[in-house]
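Colleague: In this note's numbering, the protein residues as written are 296 to 458.
Don't be surprised by glycine CBs; every beta carbon is placed ideally from N, CA and C.
My questions all concern the structure below.
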């Protein structure tokens, strides 16, 4: 599990703690106006204009069957890079709140449980220990690998570099 050691961005979804490898995260934005895309899956809340690039934004609460994210002053969009249909794609993920960048080493990361969570554990890289709690470390590429999400299917141009 040594390859799991490193820095992670922790965030909340429905009172559950999640984390993404910081290598996948480009920036964190305040929630902004989303433009809905007709016929997109429900969990694709829309697209944003990020410095001239069209970036799809996904509601992980909906994707994981938790219902629509309740928008608050703490709601954020995590902009990251995800492999979708074999291509590196810039994607926004709505989080209830972003917490911190945390350092975890292999001694603090346990294998994903086979039962006991509302999340299909195939999407998890592992469980990071943080004080008395755990944070679920997402394998963000696997979150989108099984459902056929493609930017072509959304009718969107491929997003290249947003910088």
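Using the three-state DSSP reduction, which class does residue 341 fall into: helix, strand or coil?
Modeller: The residue given as residue 341 occupies position 46 in the chain shown. Of the three classes helix, strand and coil, the one that applies to residue 341 here is strand, per DSSP.
Colleague: Using a Cβ-Cβ cutoff of less than 6 angstroms, which residues in the same chain neighbour residue 400 once the five nearest sequence positions on both sides are dropped?
Modeller: Translated into the one-based positions of the chain shown, residue 400 becomes position 105. Excluding positions up to five away in sequence, the list reads 300.
Colleague: For my contact list, residue 312 and residue 428 are in at a C-beta cut-off of 8 angstroms; report their separation, rounded to the angstrom.
Modeller: In the chain shown, the residue the question calls residue 312 occupies position 17. In the chain shown, the residue the question calls residue 428 occupies position 133. With a Cβ gap of about 6 angstroms, residue 312 and residue 428 count as contacting.
Colleague: Return the residue from the list 364, 307, 380, 386 that minimises the CA-CA distance to residue 348.
Modeller: Along the chain shown, read from residue 1 onward, the residue named residue 348 stands at position 53. Taking only the C-alpha atoms, the option nearest residue 348 is 386.
Colleague: Counting along the chain, where does the alpha helix (DSSP H) carrying residue 391 start and finish?
Modeller: Position 96 of the chain shown, counting from 1, holds the residue named residue 391. Taken as a continuous stretch (DSSP letters only), residue 391 belongs to no alpha helix (DSSP H), as it is neither H nor E.
Colleague: Does DSSP put residue 438 in a helix, in a strand, or in coil?
Modeller: Here the question's residue 438 lines up with position 143 in the chain shown. Residue 438 falls in the helix class under three-state DSSP.
Colleague: Could you compute how far the alpha carbon of residue 420 sits from the alpha carbon of residue 433?
Modeller: Working through the chain shown from its first residue, we reach residue 420 at position 125. Working through the chain shown from its first residue, we reach residue 433 at position 138. Straight-line Cα distance between these residues: approximately 6 angstroms.
Colleague: Can you pull the DSSP bridge partners for residue 372?
Modeller: Residue numbering aside, residue 372 sits at position 77 when the chain shown is read from its first letter. Paired residue(s): 324, 389.
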